[in-house]
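Working notes, structure below.
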Amino acid sequence: MKNKIFIILAAFFVLSTGLKADDNPEKKKTLEWYFNLGLSMGGSMPVPLPAEVRKIDSYNPKINPRIGVNTIYNLNSKWGISSELSLGIKGMRVTDHVKYMKTKVLVSEKGSQEQRQVDGYFVGKNMTNVNLQYLSLSVSGVYNFNEKWEVRAGIYAASILKSKFTGNVSDGYLRDGEPNGPIVTIEADNPATFDFSDNMRDFDAGFTFMGKYKINERLGVFVGFDWGLTDIFYRDQNPIQFKMQNLYGSFGVSYRIK
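For the sequence shown, my numbering begins at 1 and goes up steadily by one.
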């Protein structure tokens, strides 16, 4: 499935960029190339927030750079087709209070290096750290309101080059095995840890949206949003009980190369 989506998007990318080979000089003028540099901000999260998440205590969007090469083929003065190949990072760190959140953690006695795995339902404080490195290809329709403003909407597919999903739980207790199972106390100064990085998908796909303001013929600024539709975990390896999606906005500058 992943390879099929990439082949389709790659075909659109080649088709749109290949139009520059046309011998008609008027058509050559309709092809534009841009270099995009920006930052991403958002989160890998369930939508909507489940009842298990009772309160968000803190959120750190991190510094997530992205670079991309973008080409636009203008069909006419209003409409166009855009394709972009980008490399970037997405990530966040969040602390929240949860109640009966299903999880799998490594627990140790205070002062001991030995750990044991406990699978159950946690009540207390949860800290999650997510980091994704990805290569993304998108295809969008472009609408120009005028010479300054444009909007885009389309689809994207991304190969996750490296992923990290780690964290800890503390200041609470875990019911071993079942919601009414034996209580395992997890103190604030001796958190239990988790690492679900190996359970994460190496692929993401969804919708992409962008708005852009052209300062002059070369330079512009943009804001965008990517709504991932795939669960960040493999279906048969999800260590928690709800689906999580990548929802990240972006902003930055765009420079016209030619």
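We treat Cβ as the ideally placed atom computed from N, Cα and C, and that holds for glycine.
Every value quoted in this text rests on a predicted model; they were computed, and no experiment measured them.
Can you grab the Cα-Cα spacing for the pair P61 / G80, in whole Å?
For the purposes of this step, residue 61 is taken as residue 61 along the sequence shown, with counting starting at 1. For the purposes of this step, residue 80 is taken as residue 80 along the sequence shown, with counting starting at 1. Their Cα atoms are separated by approximately 33 Å.
Taking all protein chains shown into account, do 16 or more other C-beta atoms lie within 10 angstroms of the C-beta of L37, making it buried, or fewer, making it exposed?
Counting from one through the sequence shown, the residue named residue 37 turns up at place 37. Result: exposed.
Quick one: give me the first and last residue of the beta strand (DSSP E) that R54 is part of.
Here residue 54 refers to the residue found at position 54 when the sequence shown is read from its first residue. Looking at the DSSP string, the run of the beta strand (DSSP E) that includes R54 is 53–60.
Using a Cβ cut-off of 8 Å (strictly closer), state whether K55 contacts chain B.
Reference to chain B is not applicable here, since this structure consists of a single protein chain.
In this structure, what does DSSP give as the bridge partners for S140?
Numbered from its first residue, the sequence shown carries residue 140 at position 140. In the DSSP output, where bridge partners are listed per residue, S140 has S82, G154.
Only counting the same chain, and skipping five residues up and downstream in sequence, which positions put a Cβ closer than 6 Å to that of Q269?
Absent from the structure is residue 269, since the part of the chain shown begins at 1 and ends at 258.
Pick helix, strand or coil for S112, following the three-state DSSP scheme.
Within the sequence shown, numbered from 1, the residue matching residue 112 stands at position 112. S112: coil per DSSP, three-state reduction.
Alpha-carbon spacing of D23 relative to E32, whole angstroms
Indexing the sequence shown from 1 puts residue 23 at position 23. Indexing the sequence shown from 1 puts residue 32 at position 32. Reliability of the predicted coordinates at D23 is poor, the pLDDT of 43 falling under 50, and no value is obtained from them.
Hey, N199 and F145: beta-carbon distance below 8 Å or not?
For the purposes of this step, residue 199 is taken as the residue at position 199 of the sequence shown. For the purposes of this step, residue 145 is taken as the residue at position 145 of the sequence shown. Their beta carbons are not under 8 Å apart, which means N199 does not touch F145 by this criterion.
Starting from G68, follow the beta strand (DSSP E) in both directions and report where the run begins and ends.
By one-based count along the sequence shown, residue 68 stands at place 68. Residues 64–74.
Identify which residue in A158, R152, T95 has its Cα closest to the Cα of T128.
Residue numbering aside, residue 128 sits at position 128 when the sequence shown is read from its first letter. When each option's Cα is compared against that of T128, the closest is T95.
By the 10 Å Cβ neighbour count, where 16 or more other Cβ atoms means buried, how is G141 classified, buried or exposed?
Walking along the sequence shown from the start, residue 141 turns up at place 141. Exposed, because fewer than 16 other Cβ atoms sit within 10 Å of the Cβ of G141.
Whole-angstrom distance between N216 and F122, CA atom to CA atom:
Working through the sequence shown from its first residue, we reach residue 122 at position 122. Working through the sequence shown from its first residue, we reach residue 216 at position 216. About 54 Å.
Figure out for me which residue from G220, L229, T185 has the closest Cα to the Cα of G206.
Counting from one through the sequence shown, the residue named residue 206 turns up at place 206. For the residues G220, L229, T185, the minimum Cα distance to G206 belongs to L229.
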